[in-house]
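In the numbering used here, the protein residues as written are 1365 to 1434. From the three backbone atoms N, C-alpha and C, an ideal C-beta is built for every residue, glycine too.
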């Protein structure tokens, strides 16, 4: 989160300064993305073949059961 003092400084800065800050943030994010380890295909599909059985997969879900997802 940005504190109020930093936000106030940003609001008082010029458009060029704001653009420069945004470009620095984007550059930093790109570096973070590039340096993060890539998942290989086997890691991305780690649930493949894990389901042993389905209990009535085409039956409607009771409204009470939807509360578990929220």
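Rounded C-alpha distance that separates residue i from residue j
i: residue 1424; j: residue 1412; result: 24 Å
i: residue 1374; j: residue 1394; result: 22 Å
Three-state class that DSSP yields for residue i in the structure shown
i: residue 1389; result: helix
i: residue 1420; result: coil
i: residue 1400; result: coil
Same chain, Cβ closer than 7 Å to residue i, five either side skipped, listed in chain order
i: residue 1419; result: none
Nonlocal neighbours in the same chain, by C-beta distance under 8 Å from residue i, ignoring five residues either side
i: residue 1366; result: 1374
Below-8 Å beta-carbon distance, residue i vs any chain B residue
i: residue 1410; result: Checking the listed chains, one finds no chain B in this structure; it contains a single protein chain.
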